[in-house]
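Residue numbers (this note's numbering), protein chains in the order written: chain H, 4 to 295; chain L, 1001 to 1279; chain Y, 2 to 279. The beta-carbon is built from N, C-alpha and C at its ideal position, and this holds for glycine as well.
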């Protein structure tokens, strides 16, 4: 009886692990085998010459370049808005906030972290309809709107990682400042932040990865399959994850299907790079998924 | 003060989200569209706008994905904590961390081209775009959340116990199933709740592989539509129409579900940390 | 050696000259003094023609930016009515309800298109009566063997409520009959083609312009769904494709509509399998 139980547990444990292992291997193999052969100038720039495409002299058709630029501008803009806000909120929660205020703030950040990304998209979409009816009749879904909604999405990650990085500092660090006669602000800027810099940077990179991969938010806030390079903050744009989503259902030629595999591999490399970087900066990232 | 201001601002965003959703859903109650939306059929051409099938679809999908992912995740945690060979522990952990970096849209993409045709041809039942396909894919997505949460807690418990249990001659399996797991109840519960929250909130996988038919599925091979997919699918800008209101009703229900999930999580986390202090 | 090089050069020059000819077509001249943006959204049958025109115009005049999105006819009409896009495409006329909501809406029909029932090329079925199709879509017939095919369940694919293709098919082929709720929903004509081409037992419906060898159009009541039969009136499930603007079009939008309605547009419409309106 006891023996049977042991066998059952062992086989359950092994089957689970092997199943997940093989699933992920299968997924990677599938993407690599289909995606790698498509890599080349054609995938990124189509018929346009590389230099002319990068400098924006000619338009790029049926290729990845506009989506790459779109995703990079999205991530950059979202980070521009969310990083300062997130880090200073994290500093406040870790160094200044007192209960019960701290509890209320932490709780609302937790709620924000748990909100599905499509809700952020719906919020942005509703915001535009609201603005059109009230203050700005010309407001429209755009790069700026999508980036703002993405900023909402990554804000909780930034706050948690900053807070956790600061709170994990040992007591010695807390004593240095006062013993040198530094003010609290000086302590934060000259001792705490440099000491927890790696952790915070890890959080920032992680949030960039999160912003790069999200599709649900931008779907409702201005991404379009055929927009070309982003034309300013108030224009429509293309993005890598949306291109994958779009081509998976709408490829019209074998060439477009191949381009979809290539796009998927490019996005996977991009997020892999960002997550890998974050992991390398901070070996124990558990708390991010823990929301601590 | 700058820091306080930004923290308060971050917190206010949640209120703004909630306020907006409520503001846009309010006309529902005043114009008596409430019963219209909470009915069982979505047939706009016949003037029926029920979103109950989407609620059922969301719940079914989230629960079935968790039913697959949870045991598998738990199995992986036991593998890491003593039931698997030591040299494989690091690769497995690395794999799980790596999975968190794979974009959702890529899981959906691969499922469309590998899993859906597989289900369609091997099982020869339905189109392949089904509750089953979506829950299998979604279970892969929520798996890392489950593994990492349980793993974090086991890391705190197992090393403390191992020396004692080995000295007492208790087998690994016995130790893990009878002692470690029962004392990791917080991690087990948190993983279940958070995993469920993730599963409910996911849009892309449901949208890409679940088939999007607004119906109550008869079997796992039937197509379903979730609340998230409904929002993504129905782009309505005409603020007078019931279709438009159904968007915000779906959004509000989703938001309230995930908020409840997170409040629950918050509550059990506080209780566990209080117990941790008194112990 | 040298002469071959020379003749190659001549050929190259000739080719460049020749291939650049269409780009300086007179039709494009009307955009010469214009700049700005046009956002286009709506009907998905229109997309190939719109993309084609946008590409030609933007290549010649880089200061003009044209974006093309889908969403379906209903979305196109709503978006242009709310002023969110410059042109809202629709594969059906603007309904009286929509017109009462957006009274300034102006429609510019530019092509005729049919909607054909489609199956996978491996399917034995070539011919269905409209009564059979009605039965299948309402759930009365659920197996291909009941209409003379293999013993396999029929996988029905349909479109969302915003689709003009759906509305035309529903009115003219299904006579406003039921569509089973279990039908899989796809968001565009392009997606319909992919879905049916990948599923051996699929049944769907699609714009005739999108037809190619990856799917098979079903002969409906002994009339093949071809553009010829659509022109001569034999094939009944047809509709016009419209561009809609809210109020009189601005100069750039006006030029775009003129371009689509002109000779260049007509060539592009024909090459994508539609019939230009003339």
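Q.
Can you tell me whether residue 197 of chain H is buried or exposed? The criterion is at least 16 other CB atoms within 10 Å of its CB, across all chains shown.
A. In summary, residue 197 of chain H is exposed, with fewer than 16 beta-carbon neighbours lying within 10 Å of its beta-carbon over all protein chains present.
- Task: Confirm, please, whether the CB-CB distance from residue 1021 of chain L to residue 1251 of chain L is below 8 Å.
- Result: yes
Would you say residue 1122 of chain L faces chain Y, with C-beta separation under 8 Å as the test?
no
Report task. Could you tell me which uninterrupted alpha helix (DSSP H) segments, each at least 4 residues in length, are contained entirely in the region 93-181 of chain Y, listed from first to last along the chain? Result -> 97-102, 131-139 and 165-173
Count the CB pairs spanning the region 1149-1164 of chain L and the region 1117-1124 of chain L that are closer than 8 Å, and state whether there are at least three. no
Are the C-beta of residue 48 of chain Y and some C-beta of chain L separated by less than 8 Å? no
Handout entry: Buried versus exposed, by CB contacts within 10 Å (16 or more), residue 171 of chain Y
Key = buried
- What residues in the region 227-255 of chain H bring their beta carbon closer than 8 Å to a beta carbon of chain Y? 227, 228, 229, 230, 231, 234, 238, 239, 252, 253, 254 and 255
Do you know offhand how far residue 320 of chain H's Cα is from residue 1075 of chain L's?
Only positions 4 to 295 of chain H appear in this structure, which leaves residue 320 of chain H out of reach.
query = Once you ignore the five residues that flank residue 198 of chain Y on each side, which residues in its own chain have a CB closer than 6 Å to its CB?
reply = 215 and 216
Notebook entry, point to check: chain Y beta carbons: is any one of them nearer than 8 Å to that of residue 54 of chain H?
Noted result: no
| Taking any Cβ of chain H, which residues in the region 80-112 of chain Y have a Cβ under 9 Å from it, in chain order? | Correct list: 83, 84, 85 and 86.
- Considering only residues of the same chain and omitting the five flanking positions on each side of residue 1049 of chain L, which have a CB-CB separation below 7 Å? Within its own chain, the residues whose Cβ lies closer than 7 Å to the Cβ of residue 1049 of chain L, once the five positions on either side in sequence are excluded, are 1036, 1037, 1042, 1242, 1243 and 1246, listed in chain order.
Review point. Which residues, in order along the region 152-183 of chain H, keep a beta-carbon less than 9 Å from a beta-carbon of chain L?
Key: Residues of the region 152-183 of chain H with a C-beta atom less than 9 Å from some C-beta of chain L are 155, 158, 159 and 162, listed in chain order.
For residue 185 of chain Y, go through chain C and note every residue whose CB falls closer than 7 Å to its CB, in chain order.
Structure shown: chain C not included; protein chains present are H, L and Y.
Considering only their Cβ atoms, is the gap separating residue 1134 of chain L from residue 1210 of chain L smaller than 8 Å? The Cβ atoms of residue 1210 of chain L and residue 1134 of chain L sit closer than 8 Å to each other.
Tell me residue 185 of chain Y's beta-bridge partners as DSSP assigns them. Under the DSSP definition of a beta bridge, residue 185 of chain Y partners with Y:158.
> Whose C-alpha, out of H:248, H:11, H:81 and H:284, is nearest the C-alpha of residue 213 of chain H?
Replying inline: Of the candidates H:248, H:11, H:81 and H:284, the one whose C-alpha sits nearest the C-alpha of residue 213 of chain H is H:81.
- Sequence-distant residues of the same chain with beta carbon closer than 6 Å to residue 164 of chain H, five excluded per side: Answer for residue 164 of chain H: 206, listed in chain order.
query: Is DSSP giving residue 246 of chain Y helix, strand or coil here?
result: strand
| said: So that I know if they touch, is there some Cβ in chain H lying closer than 8 Å to that of residue 1004 of chain L? | reply: yes
Practice task
Check distances from the C-beta atoms of the region 246-258 of chain Y to those of chain H and list, in chain order, the residues that come in under 9 Å.
Solution key: Within the region 246-258 of chain Y, no residue has a Cβ that lies closer than 9 Å to any Cβ of chain H.
Please confirm whether residue 52 of chain Y has its beta-carbon closer than 8 Å to some beta-carbon of chain H. Closer than 8 Å to some Cβ of chain H, the Cβ of residue 52 of chain Y qualifies, so yes.
By DSSP's criteria, residue 217 of chain Y is part of a beta bridge. Which residues make up the other side? Y:120
Q: Leaving out five residues on either side along the sequence, give the residues of the same chain with a beta carbon under 7 Å from the beta carbon of residue 39 of chain Y.
A: 67, 87, 88, 253, 254 and 257
DSSP three-state call for residue 1213 of chain L: helix, strand or coil?
coil
For residue 1140 of chain L, which option in L:1029, L:1272, L:1205 and L:1089 has the closest C-alpha, if you only look at C-alpha atoms?
Looking at L:1029, L:1272, L:1205 and L:1089, the one whose alpha-carbon comes closest to that of residue 1140 of chain L is L:1205.
Using a Cβ-Cβ cut-off of 8 Å, state whether residue 37 of chain H counts as contacting chain Y. no
Exercise. Hey, is residue 137 of chain H's beta-carbon within less than 8 Å of any beta-carbon in chain L?
Worked result: no
- Message: For the ligand SAM, is there any heavy atom lying closer than 7 Å to the beta carbon of residue 215 of chain H?
- Response: By its list of ligands, the structure shown contains no ligand whatsoever, and the ligand SAM lies outside what it can speak to.
So for residue 1085 of chain L, helix, strand or coil by DSSP? coil
Would residue 112 of chain H pass as an interface residue toward chain L - the criterion being a Cβ-Cβ separation below 8 Å?
yes
Report task. Please confirm if the region 87-96 of chain H is in contact with the region 61-78 of chain H, defined as three or more CB-CB distances below 8 Å between the two stretches. Result -> no
**Prompt:** Where residue 160 of chain Y and residue 274 of chain H are concerned, what is the direct C-alpha to C-alpha distance, given to the nearest angstrom?
**Reply:** 33 Å
- [ ] Label residue 145 of chain Y either buried or exposed according to how many other C-beta atoms from any shown protein chain fall within 10 Å of its C-beta, with 16 as the threshold for buried.
- [x] With a 10 Å radius around the Cβ and a threshold of 16 neighbouring Cβ atoms, residue 145 of chain Y comes out buried.
task: In the DSSP assignment, find the beta strand (DSSP E) that holds residue 206 of chain Y and state where it starts and stops.
output: 203-208
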